[in-house]
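With the first letter of the sequence shown counted as 1, position 158 gets the number 155 in the working numbering; the numbers rise by one all the way through.
Beta carbons are placed, not taken as given, at the ideal position from N, Cα and C, and that holds for glycine.
Before any comments, here is the structure.
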Amino acid sequence: MAADGRSSTLDVDDTGTWTGADAHSIATKVRRREVTARRVVEDHLALIADRNPRLTAIVTVAADRALAEADDLDRRLDSGGAAGPLAGVPFTVKDIVATAGVRTTAASWALSEHVPAVDAPAVAALRAAGAILVGKTNTPEFGTSGLTDNELFGPTVNPLGSPETPRSPGGSSGGEAAAIASGMSVLGLGTDFGGSVRWPAHCTGLCSIRPTPGRVSADGQYPGVLDGGHVRANPVTVHGTLQTVGPMARNLADLTLALRVISQPHLAWTDPADVDVDRLRIGWAPGEGTVPVDEDIVTVVRESARRLGAVPYRGTALAEGNDLFGRLRATQTHVDIEVLGGADRFGAAVRDLLANAGRAGQREVEDLWAERTRLVHRLLDEMGDVLVLPVASIGAPPLEADRFGVGDRLLTWQEALASCRTISVTGFPSVVVPVGATRDGMPVGVQVVARPFQDHVALAVAARL
């Protein structure tokens, strides 16, 4: 990676196509008319046709629409029209985020033929910046698992694994991660509740950010509040409060550009390049404190912390977050899923989720949110400006595995994501950047966590790494 956070990838890769280029390079060349948007899109569609049958990363290919939008953009530019900062850049979107005119299924039979009339605000912002949607990416049904598999489309395969030992890209934005890591997409949108853009980025060697809630509009995610042609984030559910829409990319410069484009327009933007990293108080932790982390991953995080001059985290709040996340999540009734179809329209995992949905009383729910408020302020007092910690307890797991050995414990995927879930419950922004590898060659990312609405600080520290 170059010093400015951009990939060192050439504009055209060694096959002579544009599938290896980053967003900055593509947009610059398209604006200068050194390449047509159609050529760029055609190259990516050809790679999708070649690689996607093995990976099952993209579940709806928007080929005709993408080519038509590329032709429209080329005509405007040839006529002297203006172009946005993502002109001609192919992007993909997790299949629980609404895309106008393009099927959005949430990987559920209940929505298998659903075509939204309105883009999610983040999707609309990317399109307004000139980016071109080429497809929707696989996810567990309604994003309810940390492993990307469902009864509608099947599992997504990590492009970094070998045919002999296939790996999962994690989840629930696993299809998005696989699409970008394989070169079929330049950048894209995932969602993050308990780690769903951070864990897949860790598994596939990508950069991602879980923004501060409110930095990017959370509207447009299924399930949610149905409002005419819109789907709104419900502000009184745990899902609606904590889940964010976040970008994923192959390098930090593209990630930063995408976040700036999709950030709510009323929020001020600070360039990460303006942050004096040397003046920050940076701490680090080898995990959230209650679930073991593989020593390969701890070693990489420790080395990253050393490079930043970070000091060990000595607080107690971090160790309480994962348990609180689980207790809050257990209060969800999931009525927003129930209203979308009968039980026979959902897969087994979602039927089980609905059968065991929370029935907590109002007092219990309010007490949990009060506990969360106290936890947030304790962690703010303890963490300094930035906290560096693992993304997960393990690297990219075998494709069919659902239990993972670390030390003398066998972890569920929820336990393996304890460090992510802890940060989710606080609402703090978290950037993931790849910084190493496990002994079996799988990538290792670290979380760079900053204080609320200091997303640019997390990005600046990630760039230093």
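Find the nearest neighbour of Arg29 within the set Gly81, His41, Asp61 and Ala63, judged by alpha-carbon distance.
Measuring from the Cα of Arg29, the nearest candidate turns out to be Gly81.
Name the two residues that bound the continuous beta strand (DSSP E) containing Leu130.
Counting along the chain, the beta strand (DSSP E) containing Leu130 begins and ends at Ile129 to Thr134.
Can you give the beta carbon distance from Ala457 to Pro166, rounded, assuming they're within the 8 Å contact cut?
Actually they are not in contact, since the Cβ atoms of Ala457 and Pro166 sit about 27 Å apart, beyond 8 Å.
Got a sec, what are the start and stop residues for the alpha helix (DSSP H) Gln467 sits in?
Here the chain has residues from -2 to 462 only, and residue 467 is not among them.
Could you tell me how far apart the beta carbons of Val441 and Gly433 are, in whole angstroms, since I believe they sit closer than 8 Å?
Val441 to Gly433, Cβ: 4 Å. Contact.
Distance check for Gly438 and Gly381, CA to CA, integer angstroms please.
Roughly 33 Å separates the two Cα atoms.
State the start and end residues of the unbroken beta strand (DSSP E) segment that holds Ile334.
Counting along the chain, Ile334 falls outside any beta strand (DSSP E), though it belongs to the alpha helix (DSSP H) covering Val332 to Glu335.
Measure the CB-CB distance between Gly127 and Leu186 and report whether it falls below 8 Å.
No, Cβ-Cβ distance for Gly127 and Leu186 is not below 8 Å.
By DSSP, does Val112 sit in helix, in strand, or in coil?
Coil, per DSSP.
For the beta strand (DSSP E) that contains Gln444, what are its first and last residues?
Pro440 to Ala447 is the span of the beta strand (DSSP E), which, as asked, contains Gln444.
Please classify Asn353 as buried or exposed, where buried requires at least 16 other C-beta atoms within 10 Å of its C-beta.
By the neighbour-count rule (16 or more Cβ atoms within 10 Å), Asn353 is not buried but exposed.
Below 8 Å on the Cβ atoms is my guess for Gly158 versus Ser205; work out the distance and round it to an integer in Å.
19 Å between Cβ atoms; not a contact.
If I measure Cβ to Cβ from Ile23 and keep anything under 6 Å in the same chain, skipping five residues before and after, which residues do I get?
Correct list, in chain order: Val37, Gly85 and Val86.
Decide if Leu108 is buried, meaning its Cβ has at least 16 other Cβ atoms within 10 Å, or exposed.
Counting Cβ neighbours within 10 Å, Leu108 comes out buried, since at least 16 surround it.
Which term fits Ser182, buried or exposed, when burial requires 16 or more other beta carbons within 10 angstroms of its beta carbon?
Result: buried.
What is the rounded straight-line gap between the Cα of Arg461 and the Cα of Val298?
Taking the straight line from one Cα to the other gives about 14 Å.
Tell me the rounded alpha-carbon separation between Val233 and Gly211.
Rounded to whole angstroms, Val233 to Gly211 spans 14 Å at the Cα level.
Are the CB atoms of Val347 and Phe88 within a distance shorter than 8 Å?
Going by C-beta atoms, Phe88 is not nearer than 8 Å to Val347.
Evaluate contact between the segment 241 to 256 and the segment 275 to 285, counting only Cβ atoms and requiring at least three cross-stretch pairs below 8 Å.
Counting Cβ pairs under 8 Å, fewer than three are found: no touch.
What three-state label does DSSP hand Pro197 in the structure shown?
Pro197: helix per DSSP, three-state reduction.
Looking at His111 and Arg100, is the spacing between their C-beta atoms short of 8 Å?
Yes, Cβ-Cβ distance for Arg100 and His111 is below 8 Å.
Kindly give me the distance between the Cβ atoms of Gln261 and Ser301, rounded to whole angstroms, as I take these residues to be in contact under 8 Å.
Rounded, the Cβ-Cβ distance is 30 Å, inconsistent with contact.
Can the beta-carbon of Val385 be found closer than 8 Å to that of Val443?
Cβ distance < 8 Å, so Val385 and Val443 count as in contact.
If the criterion is Cβ atoms closer than 8 Å, does the pair His453 and Pro269 meet it?
Yes.
Between Ile391 and Val403, how many whole angstroms is the CB-CB distance? I'm expecting something under 8 Å.
Contact flag correct, Cβ pair sits at about 6 Å.
Inspect the beta-carbon positions of Thr153 and Thr145 and report whether they are closer than 8 Å.
Yes, the pair counts as a contact, with Cβ atoms nearer than the cut-off.
Once you ignore the five residues that flank Arg229 on each side, which residues in its own chain have a CB closer than 6 Å to its CB?
Result list for Arg229: Asp216, Gly221 and Val222, in chain order.
What do you get for Gly358, buried or exposed, if any count of 16 or more other CB atoms within 10 angstroms of its CB means buried?
Burial call: exposed.
By DSSP, does Ile279 sit in helix, in strand, or in coil?
Residue state, collapsed to three classes: strand.
Using a Cβ-Cβ cut-off of 8 Å (strictly less than) and excluding sequence neighbours within five positions of Leu351, which residues of its own chain qualify?
Here the set comprises His331, Ile334, Glu335, Ala340 and Phe343.
Is Pro244 near the ligand ADP, going by C-beta to nearest heavy atom under 7 Å?
In the structure on display, the ligand ADP does not appear, and there are no ligands present to speak of.
In angstroms with no decimal places, state the Cα-to-Cα distance between Gly323 and Pro387.
Their backbone Cα atoms lie some 19 Å apart in a straight line.
In chain order, what are the residue ranges of uninterrupted beta strand (DSSP E) at least 3 long that sit wholly in the segment 203 to 271?
DSSP runs (the beta strand (DSSP E)) wholly in the segment 203 to 271: 204 to 207, 222 to 224, 227 to 229 and 241 to 246.
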